[in-house]
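One structure below.
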Amino acid sequence: MRSADMMVDVTAAAGIDETVEIAATLHTPDNWEERGEHLVFAIHGGGYSRQYWNPSFADESYSFARWFCDRGKAVLAIDMLGMGESTRPEPESKLSRAIIARAHASALAQVLKGLERKVSVTGIGHSMGGMMIISQAATHPIFDRVAVLGWANEPMVLGDTDVDTLQADLIPSGYLATPREPMRKLFYWPDVPPPLIEADEAHASTTPATLGIAALTPGIVHEDSANIAVPVLIVQSTVDTSPKPELEPGYFKAAASTELQIVNDAAHCQNFAGTRISHWQALDSWIDRT
Numbered sequence: 031m032r033s034a035d036m037m038v039d040v041t042a043a044a045g046i047d048e049t050v051e052i053a054a055t056l057h058t059p060d061n062w063e064e065r066g067e068h069l070v071f072a073i074h075g076g077g078y079s080r081q082y083w084n085p086s087f088a089d090e091s092y093s094f095a096r097w098f099c100d101r102g103k104a105v106l107a108i109d110m111l112g113m114g115e116s117t118r119p120e121p122e123s124k125l126s127r128a129i130i131a132r133a134h135a136s137a138l139a140q141v142l143k144g145l146e147r148k149v150s151v152t153g154i155g156h157s158m159g160g161m162m163i164i165s166q167a168a169t170h171p172i173f174d175r176v177a178v179l180g181w182a183n184e185p186m187v188l189g190d191t192d193v194d195t196l197q198a199d200l201i202p203s204g205y206l207a208t209p210r211e212p213m214r215k216l217f218y219w220p221d222v223p224p225p226l227i228e229a230d231e232a233h234a235s236t237t238p239a240t241l242g243i244a245a246l247t248p249g250i251v252h253e254d255s256a257n258i259a260v261p262v263l264i265v266q267s268t269v270d271t272s273p274k275p276e277l278e279p280g281y282f283k284a285a286a287s288t289e290l291q292i293v294n295d296a297a298h299c300q301n302f303a304g305t306r307i308s309h310w311q312a313l314d315s316w317i318d319r320t
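Sequential numbering from 31 applies to the sequence shown in the working numbering.
If you want it as structure tokens, here you go:
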């Protein structure tokens, strides 16, 4: 696997009267630039960064990016606008879900243009990133398929906390620290080594209040979900955000097809679970047949 870090200028797309850049890493298999057919565009969740897909603090067996590159698929992982190494606009209240989706779409379009050939693009979003991949796919329809990991259109369950408690702690604007301690039961299956949990938490990012508020708003992307026309995969774990995973496909009324995958013996952060390989295999198989 080869990995190229980049800062993609999305100032024009964002339109918020300041320079705006999206931090991204393009992970590619050898010779992919000449012969590769698939690119996975991956968005992390709240409190995370693009390291979720290729954690520097864990061994290679935890790298989603490396696993997919080993199977011939490139992975373009970004830091969401306002998170990780991407621009953090001030004041944060300049941001909106639509602006963030537009910035992400611009970053992807620029990278694809640089390839100078057509590839099949899979949009993947985990958790809050699932909300944003839905928003992006509905308003900037460039994806050939969309995978929504750990995001619930049903009223969410959130481990040892709940939506009302998190909403009460939200500030109206600014950048929020993710309350990780009450999230451990939701995020990590019991087989995740404690040192890995601690390292993951140490690499946490703050999150724009805009996205925190949106993610805790019931029904926030129901309309967008219903407008996605490409194949959609919904992934939930044994312990995850949806109380009724079997109802999740029904929100994607216009999708060419819908599938639901349950990752057994895993919690919300599937990439850290002992069963992560089975999750990646199922996801890879879905990409290949759609």
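We treat Cβ as the ideally placed atom computed from N, Cα and C, and that holds for glycine.
Residue 143 and residue 156 have their alpha carbons spaced roughly 25 Å apart. In this structure, DSSP gives residue 155 an extended state, which the three-state scheme calls strand.
Taken atom to atom, the span from the alpha-carbon of residue 171 to that of residue 260 is near 9 Å. By the neighbour-count criterion, in which 16 or more other beta carbons inside 10 Å mark a residue as buried, residue 147 falls on the exposed side. Ranked by Cα distance from residue 108, the first of 159, 66, 59 and 125 is 159. Burial is judged here by how many other beta carbons sit within 10 angstroms of a residue's own beta carbon; residue 103 has at least 16 and is buried.
By the C-beta criterion, the segment 240-249 is judged not to be in contact with the segment 264-280, since fewer than 3 inter-stretch pairs fall below 8 Å. Between the segment 291-299 and the segment 202-210 there are fewer than three C-beta pairs closer than 8 Å, too few to call the two in contact. For the 8 Å CB-CB criterion, residue 163 and residue 73 form a contact. In this structure, residue 50 lies near residue 117, with their beta-carbon atoms less than 8 Å apart.
Annotation for residue 103: the continuous beta strand (DSSP E) segment containing it runs 103-108.
Residue burial annotation: residue 304 is exposed, with fewer than 16 other C-beta atoms found within 10 angstroms of its C-beta.
Nearest in C-alpha terms to residue 33, of all of 210, 100 and 221, is 100. The count of Cβ pairs closer than 8 Å, one atom from the segment 270-279 and one from the segment 224-231, stays below three, leaving the stretches out of contact. Bounds of any alpha helix (DSSP H) do not take in residue 292; it lies within the beta strand (DSSP E) bounded by 288-293.
Residue environment: residue 307 is assigned as exposed (fewer than 16 neighbouring CB atoms within 10 Å of its CB, all protein chains considered). The distance from the Cβ of residue 31 to that of residue 96 is about 5 Å, consistent with a contact at the 8 Å cut-off.
Relative to residue 41, the option among 54, 212, 255 and 129 whose CA is nearest is 129. Out of 98, 188, 93 and 288, the CA that lies nearest to the CA of residue 76 is found in 188.
The DSSP assignment places complete alpha helix (DSSP H) segments of no fewer than 4 residues inside the segment 115-187 at 127-145 and 158-169, in order along the chain. Under the three-state reduction of DSSP output, residue 238 falls in the strand class. With 16 or more neighbouring CB atoms inside 10 Å of its own CB, residue 119 falls in the buried class. DSSP places residue 92 in the helix class (H, G or I) of the three-state scheme. Cβ-Cβ separation between residue 275 and residue 292: approximately 6 Å, consistent with a contact (criterion under 8 Å). Beta-carbon to beta-carbon, residue 176 and residue 167 are separated by about 5 Å, close enough to satisfy the 8 Å threshold. Counting other Cβ atoms within 10 Å of its Cβ, residue 112 reaches 16 or more and is therefore classed as buried. Counting the other Cβ atoms within 10 Å of the Cβ of residue 123 gives fewer than 16, which makes it exposed. For residue 87, the number of other beta carbons within 10 angstroms of its own is below 16, and it is reported as exposed.
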